[in-house]
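For the sequence shown, my numbering begins at 12 and goes up steadily by one.
For every residue, glycine included, the Cβ atom is placed at its ideal position computed from N, Cα and C.
Everything below concerns the one structure shown next.
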Amino acid sequence: MTYGLVSLSIIMMIAVACPIITQLIPGKPMPQTVLLLVFGAIFGPFILDKIWVTKAVELLSELGLAFLFQLDVVLGAFAAGFILRFVTPNGNHTLNLKLEGMGYGFLIPVFFVVSGASIDVKAVVANPALLITFIIMLLLVHAVPIFVATTLDHRVNPLDPQDKLTVSLYCTTALPLIVAVTSLAVQGGTMHQTTASTLVAAGAVTVFLMPLLGGLTSKLMKGETRLIAPTA
12 MTYGLVSLSI IMMIAVACPI ITQLIPGKPM PQTVLLLVFG AIFGPFILDK IWVTKAVELL
72 SELGLAFLFQ LDVVLGAFAA GFILRFVTPN GNHTLNLKLE GMGYGFLIPV FFVVSGASID
132 VKAVVANPAL LITFIIMLLL VHAVPIFVAT TLDHRVNPLD PQDKLTVSLY CTTALPLIVA
192 VTSLAVQGGT MHQTTASTLV AAGAVTVFLM PLLGGLTSKL MKGETRLIAP TA
């Protein structure tokens with residue numbers, strides 16, 4: 012068996028296992044995309060060295076990236092889509108379901124697993140300050156502007172303060188975009204793999220941590236409101 016076939020076999024097993032594991036975890040605190048990245052990092056060249064990013068694997072990963080953001084980056088994909096629309100002008104529901112199944116069930120998981128395999132875990136662990144810095148930057152770039160915007164919104168039914176904070180924390184997560192941008196930057200030679208690994212790790216932490224913090228702060232603030240209200 013070639014390296015590419017072995018890698019694709021492992022990636023397919025990970026793609027099948029991650030949704031099952033996600034459903035089995037009580038409360039589902041771990042998003043599927045994070046699990047795909049984690050397993051990709053474990054089986055990647057920096058730890059177990061069982062997944063090799065060959066040309067075939069890289070091509071499927073780029074197709075997954077294109078499908079994730081619905082980009083026609085491959086001319087053949089554009090031509091195929093044009094021909095299908097010409098043949099079936101009113102669309103074909105069954106065909107669309109099959110294409111979406113291939114994209115969301117295989118190509119996108121391949122992209123996240125390959126991206127996880129590119130994470131240099133040792134480099135991330137060796138520089139925790141950079142990881143924390145990136146998480147704080149994500150909060151400043153995403154959460155703070157959203158909180159300010161919702162605070163300045165003077166519509167009839169404004170959000171409560173705890174809801175504003177919860178929404179801001181939830182909006183901090185931007186893992187797919189971070190993975191896509193860092194992958195393209197590394198391929199273009201404009202970003203070092205260590206920096207990209209830390210950025211992706213920070214994005215994965217926000218996806219896992221921010222919803223928990225959002226739910227926790229909402230419960231705490233609502234609990235304090237109930238305690239204060241009777242004495243007011």
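Does the count of Cβ pairs from the region 154-164 and the region 127-144 closer than 8 Å reach three?
-> No, because fewer than three Cβ pairs between the region 154-164 and the region 127-144 fall closer than 8 Å, the two stretches do not touch.
Relative to the alpha-carbon of L251, which residue among I119, L163, T162 and I147 has its alpha-carbon at the smallest distance?
-> The chain is shown from 12 up to 243; residue 251 falls before or after that span and cannot be answered.
Would you please state the rounded distance, in angstroms, between the beta carbons of L180 and L224? I believe it to be under 8 Å.
-> Correct: roughly 5 Å between the Cβ atoms.
Measure the alpha-carbon distance for A185 versus M23 and round it to whole angstroms.
-> Approximately 25 Å between the Cα atoms of the pair.
Given 8 Å as the limit, is there contact between the region 17-34 and the region 59-69, that is, 3 or more CB pairs closer than that?
-> The region 17-34, when compared against the region 59-69, does touch it at the 8 Å Cβ threshold.
What is the DSSP secondary structure of V64, reduced to helix, strand or coil?
-> Three-state DSSP puts V64 in coil, outside helix and strand.
Taking DSSP as the reference, what is the three-state secondary structure of D171?
-> It is coil, neither helix nor strand.
Where does the unbroken alpha helix (DSSP H) through V121 begin, and where does it stop?
-> Per DSSP, the continuous alpha helix (DSSP H) segment holding V121 begins and ends at I119 to A128.
Chain D beta carbons: is any one of them nearer than 9 Å to that of I130?
-> Looking at the structure shown, chain D is missing, and only one protein chain is on hand.
Close-in-space but distant-in-sequence residues of the same chain around S72 (CB under 6 Å, 5 per side omitted) = If we look at S72 and ignore the five residues flanking it on each side, its Cβ neighbours are V121, F122 and V125.
Looking at M41 and I32, is the spacing between their C-beta atoms short of 9 Å?
-> In this structure, M41 lies closer than 9 Å to I32 by Cβ.
Close beta carbons around V132, own chain, < 7 Å, minus the five adjacent residues each side | A52, F57 and I58, listed in sequence order.
Roughly how far, in whole angstroms, is the beta-carbon of V192 from the beta-carbon of G127, given that I think they are within contact range, below 8 Å?
-> Not really, about 16 Å apart at Cβ, beyond 8 Å.
What is the DSSP secondary structure of H203, counted as helix, strand or coil?
-> In the three-state scheme derived from DSSP, where H, G and I count as helix and E and B as strand, H203 is classed as coil.
Can you give me the Cβ contacts of P241 inside the same chain, cut-off strictly under 6 Å, excluding the 5 residues immediately before and after it?
-> The pLDDT assigned to P241 is 46, lower than 50, so where the model puts this residue is not dependable; a value taken from the coordinates is nonetheless given after this. Taken in chain order, the list of residues that qualify is empty.
Closest Cα partner of V218 within the set T183, V190 and L35 = Considering only alpha carbons, the answer is T183.
DSSP three-state call for P139: helix, strand or coil?
-> Helix at P139.
Of the residues A26, P37, L231 and G55, which one's Cα is nearest the Cα of Q43?
-> For Q43, the nearest C-alpha among the options comes from A26.
Ignore the nearest five residues each way along the sequence and tell me which others in T205's own chain have a CB closer than 7 Å to its CB.
-> Excluding residues within five positions, the ones whose Cβ falls inside 7 Å are D131 and A134.
Rounded to the nearest angstrom, how far is the Cβ of T209 from that of F145, given a contact under 8 Å?
-> About 6 Å separates the two Cβ atoms, so the contact holds.
Skipping 5 residues on each side, what residues in its chain have a beta carbon closer than 8 Å to that of G226?
-> Around G226: T177.
Same chain only: Cβ atoms within 7 Å of T162, ignoring 5 sequence neighbours per side | The answer, listed in chain order, is K175.
For I21, the first and last residue of its enclosing alpha helix (DSSP H) | DSSP places I21 in the uninterrupted alpha helix (DSSP H) bounded by Y14 to L35.
DSSP on A191, reduced to helix/strand/coil?
-> Helix at A191.
Sub-9 Å separation of V197 and G214 beta-carbons = No, they are not a contact pair.
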